[in-house]
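Taking it in order: structure first as structure tokens, then the write-up.
Chains as they are written, first to last, in the numbering used here: chain A, 299 to 418; chain B, 3 to 267.
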């Protein structure tokens, strides 16, 4: 369970963005792949804990699931795969290169200036 | 794809940046890695290791798979020819570091408290207490855990994953994030193989290949001193390889950045 550590790393970036613009965070968008090592459900839980008392308190976390994709080093085909079997769907070769599925990205932060006076 | 410098903002997605949304809110596109601070410091650690020609090896495995026993056997066999040091990550206790020190190898314990993994910051802090000059190999024994350590780059040159014969041979399939990143897989406690009929070494290797990982897979027993030679050879080859790179001018350039730019935590 390292999702809290991930959320803290996320918040460092998010809070800096909010601070620069004197705004409150309303929504944070992430892309999380099955091979990132982060569990979306645990991330969502940890997010609530990590954001307490920060500029992102009560903000919404939106997680986009990224698909596992591989490119075959033998036949060059690109295909989707499961996290446990990164084989080429075309020729079955195991010598593939991961082209998607290990993402752990902060995509977008939505900020609001509207209710600053209310929350201050 | 580089995910650290912002070059992953492409013409295809740049329109997302500074997109105005209703109700006076603003959406700011970031497209950056979550662990950017960790990765930056890991790069810093890596530059340190490179500048000193130190082979940094991150050992990852489940608790009780024999990480410390492997290091004890390695210290016994190689301490005359190689200068070795060990960083040991554990939630609590100094026990593992004490075991390694008893073999005449300097070991520094990093107690992580509740953290289930080492990160680049913990390793960086520990590096200030370890003399890298004259060192050949630095083993980083990660916290016994097959999930969390895989997400954090420490600045190591190589990852070694241990899987003991007393575990399930399908663990690489169950923990693909970690085993996909292994540069070497060691099947430990091979002396117990006759008693562990359910463990099929060939199946374990197949699971590693299914993760598109060509890493060598070796069976060994640290306790009985069986099959250790390929492991020692691998260490020597890796050390030779990093020394050759350090000798090349481009790497020296990269390793020169020092503590002037301290990384924010």
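Note that the Cβ used here is the ideal one computed from N, Cα and C, for glycine as well.
Asked	Found
In the DSSP assignment, what residue or residues form a beta bridge with residue 52/B?	BP columns for residue 52/B are empty, so no partner.
Indicate the three-state DSSP secondary structure (helix, strand or coil) for residue 322/A in the structure shown.	strand
Which residues of the region 25–43 of chain B have a Cβ closer than 9 Å to any Cβ of chain A? Give them in chain order.	25, 26, 27, 28, 29, 30, 31, 32, 33, 34, 35, 36, 37, 38, 39 and 40
Using beta-carbon positions only, say whether residue 184/B and residue 156/B come within less than 8 Å of one another.	no
Using a Cβ-Cβ cut-off of less than 7 Å, list which residues of the region 168–179 of chain B approach chain A; keep chain order.	175, 178 and 179
Taking residue 161/B as the reference, which of 231/B, 171/B, 182/B and 149/B has the closest Cα?	182/B
Does any residue of chain A bring its CB to less than 8 Å from the CB of residue 211/B?	yes
Please list, in chain order, the chain A residues whose beta carbon lies closer than 8 Å to that of residue 214/B.	368, 384, 385, 392, 393, 394, 395 and 396
Quick one: residues in its chain with C-beta nearer than 7 Å to the C-beta of residue 325/A, no 5 flanking neighbours on either side, listed in chain order?	357, 358, 360 and 408
Excluding the five sequence neighbours on either side, which residues of its own chain have a C-beta within less than 6 Å of the C-beta of residue 403/A, listed in chain order?	329
Enumerate in chain order the residues of its own chain whose CB-to-CB distance from residue 20/B is below 6 Å, with the five nearest sequence positions on each side excluded.	Low per-residue confidence applies at residue 20/B: pLDDT is 45, beneath 50, and the placement is therefore not dependable enough to give any value.
Give every residue of the same chain whose Cβ lies closer than 8 Å to the Cβ of residue 240/B, excluding the five residues on either side of it in the sequence, and list them in chain order.	57, 59, 159 and 160
In whole angstroms, give me the CA-to-CA distance for residue 23/B and residue 29/B.	Confidence at residue 23/B is low in this model, with a pLDDT of 45, below 50, so the placement of that residue is unreliable and no value is reported for it.
In whole angstroms, give me the CA-to-CA distance for residue 269/B and residue 164/B.	Outside the shown range of chain B, which is 3 to 267, sits residue 269/B, and nothing can be said about it.
Please list the terminal residues of the continuous alpha helix (DSSP H) segment that includes residue 90/B.	From DSSP, residue 90/B is part of no alpha helix (DSSP H) but of the beta strand (DSSP E) over 86–92.
For residue 24/B, which of helix, strand or coil comes out of DSSP?	Interpretation of residue 24/B is limited by its pLDDT of 49, a score under 50 that renders its predicted location unreliable; no figure is taken from the coordinates.
Quick one: list the residues of chain A neighbouring residue 117/B, beta-carbon separation under 8 Å, in chain order.	300 and 303
Is it the case that the Cβ atoms of residue 140/B and residue 80/B are separated by a distance below 8 Å?	no
How many Å lie between residue 379/A and residue 152/B at the Cα?	20 Å
Tell me the DSSP bridge mates of residue 328/A?	361/A and 404/A
Indicate the three-state DSSP secondary structure (helix, strand or coil) for residue 366/A in the structure shown.	coil
Looking at residue 212/B: is its Cβ nearer than 8 Å to the Cβ of residue 385/A?	yes
Between the beta-carbon of residue 192/B and the beta-carbon of residue 154/B, is there less than 8 Å?	no
8 Å is my cut-off, CB to CB: does residue 381/A come that close to chain B?	yes
So residue 346/A is in the alpha helix (DSSP H); what residue range does that whole segment cover?	338–349
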